[in-house]
Each structure stands twice: as structure tokens, then as C-alpha cells.
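Peer 1: Take the sequence shown: its position 144, counted from the start at 1, is 144 in full-length UniProt numbering, and no numbers get skipped.
Take this structure first; my questions come after.
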Amino acid sequence: MYLIYHRNSVMDNLAKGQFFGHSRNEMVVNGLTVVQSAYHNLTSCPWHYHENAYFAFTTSGHLLETYKRKDIALSAGSLTYHYSQEPHCNSRYSPYVSALHVDIDERWFDRCDLRHTRPEGLWELQSPDLKIIFARLLAEAKQGGTEQGIGTESLVLTAFSKMLQLREFSDHKPAWQEKIKELLYAHYDETLSLTSIASELQLHPVYLCQQFPKLFQCTLSEYVRKIRIEKATERLMNRDPISLTSLAYACGFSDQSHFIRLFKKHTGLIPLAFRKLVQ
Numbered sequence: 001m002y003l004i005y006h007r008n009s010v011m012d013n014l015a016k017g018q019f020f021g022h023s024r025n026e027m028v029v030n031g032l033t034v035v036q037s038a039y040h041n042l043t044s045c046p047w048h049y050h051e052n053a054y055f056a057f058t059t060s061g062h063l064l065e066t067y068k069r070k071d072i073a074l075s076a077g078s079l080t081y082h083y084s085q086e087p088h089c090n091s092r093y094s095p096y097v098s099a100l101h102v103d104i105d106e107r108w109f110d111r112c113d114l115r116h117t118r119p120e121g122l123w124e125l126q127s128p129d130l131k132i133i134f135a136r137l138l139a140e141a142k143q144g145g146t147e148q149g150i151g152t153e154s155l156v157l158t159a160f161s162k163m164l165q166l167r168e169f170s171d172h173k174p175a176w177q178e179k180i181k182e183l184l185y186a187h188y189d190e191t192l193s194l195t196s197i198a199s200e201l202q203l204h205p206v207y208l209c210q211q212f213p214k215l216f217q218c219t220l221s222e223y224v225r226k227i228r229i230e231k232a233t234e235r236l237m238n239r240d241p242i243s244l245t246s247l248a249y250a251c252g253f254s255d256q257s258h259f260i261r262l263f264k265k266h267t268g269l270i271p272l273a274f275r276k277l278v279q
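Take a look at the structure:
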């Protein structure tokens, strides 16, 4: 489908699977509609809302998304979840923007027994786990194949499982949880020691090692690796011309082979194959 925005037009409601821009490679599976959308030299789109809940994974470029109470700056690697009927508009598009959308029919929530636990409202999803899931979903969408439907639904279900875990721990998270996330993102490309991290947080290293997996569902070292993969996918999606060796070092990996091995483990593709798909 191709929705063209005219300055004087009004579009209050976008039906199932509809998104502004040029939508291509649409796939429908059991109530999920996966759409890859491209925005060529679009300046803005009007206030609107969507009939269904959906995920939006920005895969290149940048833009500003405006809601009644906040603005969200989106760029390659940004991931959001929108409950249905959330009014918003978009502006400040870079010359070329693309996104992967997953539109979710109400019946899908019922069929997967998620109606009473599904998230509501607007979620800015910062978890490297979730962003890697959608990088993998992007690879699935671009590769196609008869097994794509099963893979897509499995990944979306995994994403909701991760989101519910995040919500479960959000009500009783310790004060240092956000601080350690900021610390790890700020220094993901460096070699950090457990003692230096614990000292910065004013925590005992043993206590930190015990509590971190409860809050993040993985070890501290695993979390750092996921951030590095997240950052590498962002640069690949933004068509960074850097060599894979330089990219590996820039993202904190010890060497290219280590980077390739971990990238494939998390996304299902080696970096070169992922780069070719997104280009």
C-alpha cells in the first residue's frame, strides 16, 4: 500500500497494516502484519492513530515523533511499542528514513492468551535484548522463505515475554539499576572491571553479581556483549562504510572473529550478510 500525505488532508485512523510512507514486503501471519516502510524526503505526517497496537523499529535515518505529552527522537535502532488509539504525529524526517512495523490484531492477543497481561500505552524500549530480537526479525523479513511465519511469530512472542519481565521488575527496581545501565552504555567500547563498576555504584562486587541477573535476566558480561551487538547493528543499518575489523574494535570486541561469532549467535546472520540485507 502507498499512503501519500497532502498538507490539507486529515487521516484520523490508520487501519490494520497501514503506515505512512512507501510500504513494501508486507507479510501477514496469524494476526501479525509485518511491514517494511520507507520514507523518501517526507517532511511530516499529520496527527493520527492506529487501529491496532504495533511495534516500530527504526532501521535508518532519524525523525521526531510527537505525542500529547512528549516528543521522542527516533534514529536507527530505536524501538517503540504503541498501544492502539495512541494519537501522534511525525516531523523532522531526515532525507531517507526506513522502519520495520509489526501490526498486531486484537485476536492475536486472545489466541496467545495475552489480553490481560499485554502492555498498554507508549513504551520506549531501551533493552538490548529487545532491540536484538527486532534486528533478527528484520533479517527474517528481508530473507523471506516458507519458515518465515513461524520465525516471525516466535520472535514477537519472545519480545512480549521480555517486555512483561521488564514490567514485572519496574515496580521494585533498586536506585542503582538505571545508573548501571547508563554506565555500561557510556563505556560499552571499553574494558571495564567488576571492581570499578561496583565502586562507581558504591556496591560490593559480590552483591552486584548476585543482584544483576535478577534485574537483567543475564550476567553482567552477557549484558555488555548485547549492548555491543546492539551498537553494531545500529551502525550497519545506518550504512556506515566502516570495515568489519574497525567496526569490531569500535564496538569493544577483541577481534573481528569474536565479533562475527557473537553477531551471528544473536542475529542469526554474520555481519556482512546483515549489511547486504539492510542495504
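Backbone N, C-alpha and C fix where the C-beta goes; we use that ideal spot for every residue, glycine too.
What did DSSP end up calling residue 185 once you bin it into helix, strand or coil?
Peer 2: Note: residue 185 maps to helix in three-state DSSP.
Peer 1: What whole-angstrom Cβ distance do residue 105 and residue 151 have, given they're in contact under 8 Å?
Peer 2: The pair is not a contact, with the Cβ atoms about 19 Å apart (cut-off 8 Å).
Peer 1: Are there 16 or more other CB atoms within 10 angstroms of the CB of residue 9, so buried, or fewer, so exposed?
Peer 2: Low local confidence applies: a pLDDT of 46 at residue 9 is under 50, so the model's placement there is unreliable, and no value is given.
Peer 1: Can you tell me where the alpha helix (DSSP H) holding residue 267 begins and where it ends?
Peer 2: It spans 256 to 267 - the alpha helix (DSSP H) in which residue 267 sits, taken as one unbroken run.
Peer 1: Distance check for residue 260 and residue 273, CA to CA, integer angstroms please.
Peer 2: C-alpha separation (whole angstroms): 11 Å.
Peer 1: Contact between the region 79 to 98 and the region 119 to 127: three or more CB pairs below 8 Å?
Peer 2: Contact holds: three or more Cβ-Cβ distances are below 8 Å.
Peer 1: Which ranges does the alpha helix (DSSP H) cover as unbroken runs of at least 4 residues, wholly within the region 87 to 138, from first to last along the chain?
Peer 2: The region 87 to 138 contains these whole alpha helix (DSSP H) runs: 106 to 111.
Peer 1: Identify whether residue 2 lies in helix, strand or coil by the three-state DSSP scheme.
Peer 2: Because residue 2 sits at a pLDDT of 35, beneath the cut-off of 50, its placement in the model cannot be relied upon, and the following sentence gives the value as read from the coordinates. The answer is strand: DSSP assigns residue 2 an E or B state.
Peer 1: Using three-state DSSP, classify residue 26 as helix, strand or coil.
Peer 2: Residue state, collapsed to three classes: strand.
Peer 1: Could you pull the DSSP bridge partners for residue 53 from this structure?
Peer 2: Answer by DSSP bridge pairing, in chain order: 104.
Peer 1: If you reduce the DSSP assignment to three classes, tell me which class residue 21 lands in.
Peer 2: Strand.
Peer 1: With a threshold of 8 Å, are at least 3 pairs of Cβ atoms found where one atom belongs to the region 155 to 165 and the other to the region 262 to 272?
Peer 2: No, the region 155 to 165 is not in contact with the region 262 to 272.
Peer 1: Count the other CB atoms, across all protein chains shown, that sit within 10 Å of the CB of residue 121; report buried if there are 16 or more and exposed otherwise.
Peer 2: The residue is exposed, with fewer than 16 neighbouring Cβ atoms inside 10 Å.
Peer 1: Would you mind sorting residue 50 into buried or exposed? The rule is 16 or more other CB atoms within 10 Å of its CB.
Peer 2: So residue 50 ends up on the buried side.
Peer 1: In three-state terms, what does DSSP make of residue 232?
Peer 2: If DSSP states are grouped into helix, strand and coil, residue 232 belongs with the helices.
Peer 1: Using alpha carbons as the reference points, say which of 44, 220, 68 lies closest to residue 210.
Peer 2: Nearest C-alpha to residue 210: 220.
Peer 1: Under the assumption that residue 61 contacts residue 97 (Cβ atoms under 8 Å), give the Cβ distance between them as a whole number of angstroms.
Peer 2: Sure, about 3 Å apart at Cβ, within 8 Å.
Peer 1: DSSP on residue 174, reduced to helix/strand/coil?
Peer 2: The answer is coil: DSSP assigns residue 174 none of H, G, I, E or B.
Peer 1: Give the straight-line distance between the Cα atoms of residue 25 and residue 59, rounded to the nearest whole angstrom.
Peer 2: So the two alpha carbons sit approximately 15 Å from each other.
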